[in-house]
Amino acid sequence: MGAPSQAGSESSSVFMELEKSFRDLENERNLRVLHAGDLSHLYLHKKSEAHYANCRFIYIRSIEHYLSLFPVDETVDIDVNVPANVSGWDLKKTLIALLKGNPEPLDWVQLRDPYAGHDEFPKSLISFALEHCDPVRFALYHYNRIERQKHRFDGVSLGEIVPERLYDLIRSSLVLRWYNQNRYQGVPPSRLSDIAEATFIRPVLRGEIEELVERSEAGMIKDVVRPAGAINDLILAELEAGPALLARRRRQFTQETAAQADRFFLKWAVVPKN
50 MGAPSQAGSE
60 SSSVFMELEK
70 SFRDLENERN
80 LRVLHAGDLS
90 HLYLHKKSEA
100 HYANCRFIYI
110 RSIEHYLSLF
120 PVDETVDIDV
130 NVPANVSGWD
140 LKKTLIALLK
150 GNPEPLDWVQ
160 LRDPYAGHDE
170 FPKSLISFAL
180 EHCDPVRFAL
190 YHYNRIERQK
200 HRFDGVSLGE
210 IVPERLYDLI
220 RSSLVLRWYN
230 QNRYQGVPPS
240 RLSDIAEATF
250 IRPVLRGEIE
260 ELVERSEAGM
270 IKDVVRPAGA
280 INDLILAELE
290 AGPALLARRR
300 RQFTQETAAQ
310 ADRFFLKWAV
320 VPKN
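Going by the numbering used here, the residue at position 273 of the sequence shown is 322; the numbering climbs one at a time, nothing skipped.
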């Protein structure tokens with residue numbers, strides 16, 4: 050089964066060009082795309098015709114490739130004929146990143162309207178993460194993202210910031226709160242609206258997030274934005290909660306974990322296309 054069309058949700062010409070680019074990539078480089086989507090879906094419900102796609106994908110090569118003494122890079126960047134940034138990770142790199150505590154691939158596979166991929170892969174990768182990865186390490190990844198922006202706070206207020214970076218700060222802060230409320234179990238939703246819905250937050254904060262997204266979609270935010278009060282308080286609160294998170298016990302990496310990662314990798318190395 051092919052990837053579902055998103056012609057009604059963004060420029061159909063851009064979607065079709067990217068869809069074709071992934072088909073060409075598979076044929077020309079002897080690899081298979083397991084999932085490919087647009088990161089803007091993490092934040093926005095709709096995009097303008099002038100939207101610049103920011104695509105991420107996960108792929109796997111033939112078994113023979115991994116037996117080589119000189120394998121090619123574990124990342125792939127491709128040039129396309131539409132305004133887009135397109136880059137991908139090998140499944141091997143993806144699994145190692147997850148086990149080390151980088152949850153970004155879990156966000157990628159939750160992206161709606163994929164350009165390419167295998168229907169069962171997103172659910173399979175999330176199941177692997179639930180069973181074998183460490184939610185505390187995932188939470189720490191998000192804490193480090195907001196901690197790196199700590200210098201932007203002037204006293205107790207966050208200064209002007211580009212919208213994309215503010216979205217990242219809001220989403221990471223909500224993910225941290227979600228993990229705390231769910232006792233560091235499970236995988237949180239990836240989209241900003243979904244994580245806000247799944248997390249217990251004050252109505253005023255929910256309203257500020259919705260207004261920010263609506264203004265962005267309407268083209269009312271061009272360069273920088275200063276976050277509203279409740280958003281500012283959310284980010285500060287999660288920064289202040291950092292020491293408690295840092296003190297939490299992390300899951301140990303075991304030989305059994307490594308064996309399960311190998312089995313997962315080999316399964317998808319031989320699974321047929323949709």
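Using N, Cα and C, we set each Cβ at its ideal position, and we do this for glycine too.
Alpha carbon of residue i to alpha carbon of residue j, nearest angstrom
i: Ala-308; j: His-181; result: 11 Å
i: Val-273; j: Arg-201; result: 13 Å
i: Leu-174; j: Ser-239; result: 14 Å
i: Ile-127; j: Trp-138; result: 12 Å
i: Ser-176; j: Glu-153; result: 15 Å
i: Leu-325; j: Val-121; result: The structure shown does not extend to residue 325, since the chain spans only 50 to 323, so no value can be given for it.
i: Arg-300; j: Ile-145; result: 15 Å
i: Pro-276; j: Glu-209; result: 7 Å
i: Glu-259; j: Tyr-216; result: 11 Å
i: Leu-330; j: Leu-88; result: Outside the shown range of the chain, which is 50 to 323, sits residue 330, and nothing can be said about it.
i: Tyr-233; j: Glu-77; result: 42 Å
i: Ile-219; j: Ala-267; result: 19 Å
i: Ile-109; j: Val-320; result: 10 Å
i: Gly-150; j: Lys-142; result: 12 Å
i: Tyr-92; j: Ser-242; result: 7 Å
i: Lys-316; j: Glu-246; result: 34 Å
i: Trp-227; j: Phe-119; result: 42 Å
i: Val-5; j: Thr-306; result: Nothing about residue 5 can be read from this structure; the chain reaches only from 50 to 323.
i: Phe-187; j: Asp-311; result: 21 Å
i: His-114; j: Phe-302; result: 27 Å
i: Pro-252; j: Arg-264; result: 18 Å
i: Lys-172; j: Phe-64; result: 23 Å
Supposed contact pair residue j and residue i - C-beta distance, whole angstroms, cut 8 Å
i: Leu-189; j: Leu-294; result: 6 Å
i: Gly-86; j: Arg-105; result: 7 Å
i: Ser-70; j: Val-129; result: 5 Å
i: Ile-107; j: Leu-83; result: 5 Å
i: Leu-140; j: Phe-314; result: 6 Å
i: Pro-212; j: Ile-250; result: Not a contact, Cβ separation roughly 20 Å.
Beta-carbon proximity check, residue i vs residue j, cutoff 9 Å
i: Val-224; j: Ile-244; result: yes
i: Ala-286; j: Ser-222; result: yes
i: Pro-184; j: Gly-256; result: no
i: Pro-132; j: Ala-102; result: yes
i: Val-125; j: Leu-74; result: yes
i: Ala-290; j: Asn-229; result: yes
i: Leu-254; j: Lys-199; result: no
Residue range of the unbroken beta strand (DSSP E) whose run includes residue i
i: Ile-107; result: 102-110
Host alpha helix (DSSP H) of residue i (start-end)
i: Ser-136; result: That residue, Ser-136, is in no alpha helix (DSSP H); its beta strand (DSSP E) goes 133-139.
i: Ala-85; result: Here Ala-85 belongs to no alpha helix (DSSP H); instead the beta strand (DSSP E) covers 80-87.
i: Ile-127; result: Segment 124-127 is the beta strand (DSSP E) holding Ile-127; no alpha helix (DSSP H) there.
i: Asp-311; result: 304-319
i: Thr-279; result: In the sequence as presented, Thr is not what sits at residue 279; that position holds Ala. Looking at the DSSP string, the run of the alpha helix (DSSP H) that includes Ala-279 is 278-289.
i: Gln-301; result: Per DSSP, Gln-301 belongs to no alpha helix (DSSP H) and is neither H nor E.
i: Phe-187; result: 184-196
i: Pro-252; result: 252-266
i: Gln-230; result: 212-230
i: Ser-242; result: 241-247
i: Ser-173; result: 170-181
i: Glu-153; result: 153-158
Residue i Cβ short of 8 Å to the ligand NAD heavy atom set
i: Pro-152; result: With respect to the ligand NAD, the structure offers nothing, as it holds no ligand at all.
Counting Cβ pairs, one atom from each stretch, are 3 or more of them under 8 Å apart for the segment 195-204 and the segment 149-164?
No, they do not touch.
At least 3 beta-carbon pairs within less than 8 Å: the segment 263-282 vs the segment 163-172:
no
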